[in-house]
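Chains as they are written, first to last, in the working numbering: chain A, 35 to 444; chain B, 721 to 946.
The C-beta atom is built at its ideal place from N, Cα and C for all residues, glycine as well.
Notes for the one structure printed next.
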Amino acid sequence: MNLLESVGAGARDMASHKGRAVITIIGIVLGTASVVAVLSLMRGGEKQTEDFFDEMGGLRELRITNTHSHTLFQTAAERASERLTYRDAQAIRRACPSVLTVDPEITRYLTVSYGDKTFRMKVLGTNRDYPHADNMPVAEGRFISDKDCENYANVIMMGPTYKEDLFGDEEAIGKTITLEGIPFEVVGIMTKKEFYFEGSGGSERNVLEWFNRSHYIPITTMIRRFTVNDRLDGLEISAVSVEAVPALIEEANRVLLRRHGVEDFNVESKSEQIQQRNDQEAFFNIIFWAVAFVSLFVGGVVIANIMLASITERIREIGVRKAIGASGRDVFVQFVVEALVVTASGGAFGLLLGLGLVTITDRVLNMPTEVTPAILVIAFGCSVAVGVIFGLFPAIRAARLDPVEALRYQ
Amino acid sequence: MLIRTEELTKSYDLGAAEVRALRGVTFGIEEGEYVAIMGPSGSGKSTLMHILGCLDTPSTGRYFLNGTEVSELHGRELARVRNKEIGFVFQNFNLLPRVDLVANVALPLVYHGGMNRAERRKQAVRALESVGLGHRLKHRPNELSGGERQRASIARALVTEPSILLADEPTGNLDQKTGREIMGILDELSKAGKTVILVTHDSNVAAHARRTVEIEDGTIAREGRA
């Protein structure tokens, strides 16, 4: 009997034991469907976490801050240090081989006017690296360039929310607005940054809205026009790769220590976030495999159980088959194929049911889900593998039955 | 000589005691013979039938079937011999309950190999017609009378055209009238040249055969010819 015939015979045999087949198939269907649904839900959650980290900014970033020391107990060296300055930022860009972007920031709240509208708005003095470092693309026009910084140009990049406040639907690029009475030309508008978390009571909140509420001018212009010195409010630098982050930490520390003469600064990587992200991922992976394993193991035990029961019920049949010429191998193949036919068809229905459950969770419960081909392959593949593995033991038992004993069995 | 046995013995080791079911059986059966193996229960006739039917192997001694020493065969080879050389007719019919008669009768051909499904079904239908069940092809065993079931079981035994028809108490579960009908079919088959071996304790059944071999206490006690 060849394999194709065995599959046909297995299918016909299952069809002739409808009750048993249906129970087994329901078990496998539920197992496979729950694997698909749970895995998709978890993948959705994992994806959301990843997206949040990615949207928030690259993990290659380092944040350099001034350390706080009490004025009363300052040493001479500490008093002599100018703290973090724009010149530090330039030195890092020159002297650190692992650095990709240097993003110095000075923030001021300034009176901004256009026509008869006047607001106090947050203005950031920065340079061309800002959008790269913070993963913020430009929507219209251009960002501040190196040339703007060199020339102390009076140009301004607008945040999308402020652009609406001042101009509404009106074209903004090329127009002139004033900052503390000084005219600035609008050269670009940032892309709106969005990441919604569902708040209590179903209201959605854009947790990244603060990004949209900033203006940007060249840091050199900020220093010349609006501040008394070049002390920075923040300095963010990024490494050429995530792997280069430790090297950059060392390089930046060296450069700054040489310039300040004292360690009055702190270089922080987002290692905590990197760690958090990796932990999240590891956690999701463990749950992922645990759920898949448990569901399918349960399914497998069900199969083994039903098959063993069905063998007891069919000992006479096995005896008859052997008496009329079935070898142990024929009987073995018959039982394995039956397990395969059941689990494969159960697996297929399970995939459909699983996809249905995923759609329901997505649409009705509004939970993020993601179905990847890998999930479908894992769920189906495992259900078939489980069928074969758990079908083997009962099949071996059936194949080894002594025909004389089997025929005598009542 | 179709069947030849030399000093067949069979012992079962039951731990404390060794049970000797056969204690040296030597006999032969020619092609086309109609033989009844008789004996009370516990005489060893069932064990002898199992060995003759290649369902079991002797502890010692030799068994030649159609020139092949089958006492040396095991597992798959023995399954092949059962399939090709032996047709079983059981006391309790042993048809598969959930499939129709055609599928039941075609089953030995499935293990026989070399035939597609359509050919197997065709041959099964022919075998069923030959025992007068041409009108019952699509019925399942539980929809049939005992006599019809036994006829289906004979059809299944004949479908591979085996050398030997081995019938174990073929009328044991039937009423007298139906039993006579079944014996009539076996008589016909014998007349047509088939080698038929009856295993029975019923002398009325054994009377249909032309030769009887009586087993007692694991050996041949008497042989007789009609």
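Kindly list, in the order they appear in chain E, the residues whose Cβ is closer than 9 angstroms to that of residue i.
i: residue 430 of chain A; result: Annotation note: the requested chain E is absent from the structure, which comprises protein chains A and B.
Mapping the DSSP letters down to three states, classify residue i as helix, strand or coil.
i: residue 789 of chain B; result: strand
i: residue 806 of chain B; result: strand
i: residue 832 of chain B; result: helix
i: residue 429 of chain A; result: helix
i: residue 396 of chain A; result: helix
i: residue 443 of chain A; result: coil
i: residue 296 of chain A; result: coil
i: residue 214 of chain A; result: coil
i: residue 741 of chain B; result: strand
i: residue 838 of chain B; result: helix
i: residue 358 of chain A; result: coil
i: residue 733 of chain B; result: strand
i: residue 923 of chain B; result: helix
i: residue 875 of chain B; result: helix
i: residue 403 of chain A; result: coil
i: residue 138 of chain A; result: strand
i: residue 178 of chain A; result: coil
i: residue 249 of chain A; result: strand
i: residue 155 of chain A; result: strand
i: residue 196 of chain A; result: helix
Let me see if you follow: with CB-CB separation under 8 angstroms, is residue i close to chain A or not?
i: residue 795 of chain B; result: yes
i: residue 828 of chain B; result: yes
i: residue 841 of chain B; result: no
i: residue 895 of chain B; result: no
i: residue 872 of chain B; result: no
i: residue 900 of chain B; result: no
i: residue 937 of chain B; result: no
i: residue 775 of chain B; result: yes
i: residue 803 of chain B; result: yes
i: residue 747 of chain B; result: no
i: residue 672 of chain B; result: For chain B, the structure presents residues 721 to 946; residue 672 of chain B sits outside this window and is missing.
I believe residue i touches residue j by the beta-carbon criterion, under 8 angstroms. Please report the beta-carbon distance rounded to the nearest angstrom.
i: residue 405 of chain A; j: residue 74 of chain A; result: 5 angstroms
i: residue 885 of chain B; j: residue 877 of chain B; result: 6 angstroms
i: residue 782 of chain B; j: residue 748 of chain B; result: At roughly 12 angstroms, the Cβ-Cβ gap does not stay under 8 angstroms, so residue 782 of chain B and residue 748 of chain B are not in contact.
i: residue 1020 of chain B; j: residue 358 of chain A; result: No statement about residue 1020 of chain B is possible, as the shown extent of chain B runs from 721 to 946 and does not include it.
i: residue 334 of chain A; j: residue 420 of chain A; result: 4 angstroms
i: residue 257 of chain A; j: residue 264 of chain A; result: 5 angstroms
i: residue 417 of chain A; j: residue 381 of chain A; result: 4 angstroms
Taking the alpha carbon of residue i as the reference point, which residue from the options has its own alpha carbon closest?
i: residue 229 of chain A; options: A:396, A:83, A:381, A:61; result: A:83
i: residue 883 of chain B; options: B:903, B:773, B:756; result: B:773
i: residue 68 of chain A; options: A:399, A:442, A:386, A:201; result: A:386
i: residue 327 of chain A; options: A:413, A:243, A:369, A:438; result: A:413
i: residue 219 of chain A; options: A:239, A:162, A:191; result: A:191
i: residue 793 of chain B; options: B:775, B:941, B:809; result: B:775
i: residue 225 of chain A; options: A:269, A:435, A:198, A:107; result: A:198
i: residue 835 of chain B; options: B:880, B:778, B:814; result: B:880
i: residue 132 of chain A; options: A:278, A:289, A:429; result: A:278
i: residue 410 of chain A; options: A:344, A:292, A:195, A:378; result: A:378
i: residue 119 of chain A; options: A:130, A:402, A:298; result: A:298
i: residue 99 of chain A; options: A:266, A:255, A:214, A:194; result: A:266
i: residue 854 of chain B; options: B:860, B:846, B:861; result: B:846
Using a Cβ cut-off of 7 angstroms, pull out every chain B residue sitting near residue i, in sequence order please.
i: residue 363 of chain A; result: 796
Would you say residue i reaches chain B, if we count a Cβ-Cβ gap shorter than 8 angstroms as a contact?
i: residue 380 of chain A; result: no
i: residue 343 of chain A; result: no
Which bits of chain B does residue i rub up against, with CB to CB less than 8 angstroms?
i: residue 350 of chain A; result: 814
Can you pull the chain A residues whose beta carbon is under 8 angstroms from the beta carbon of residue i, in chain order?
i: residue 847 of chain B; result: Those within 8 angstroms of residue 847 of chain B in chain A number zero; the least Cβ separation is about 13 angstroms.
i: residue 799 of chain B; result: 356, 359, 360, 361, 362, 364
For a contact defined as C-beta to C-beta under 9 angstroms, what are the partners of residue i on chain A?
i: residue 831 of chain B; result: 35, 355, 358, 359, 360, 361, 364
Who are the neighbours of residue i on chain A, taking C-beta pairs under 7 angstroms?
i: residue 770 of chain B; result: 438
i: residue 808 of chain B; result: 357, 358
May I ask whether a heavy atom of the ligand ADP can be found less than 7 angstroms away from the beta carbon of residue i?
i: residue 810 of chain B; result: Because no ligand of any kind appears in the structure shown, any question about the ligand ADP cannot be addressed here.
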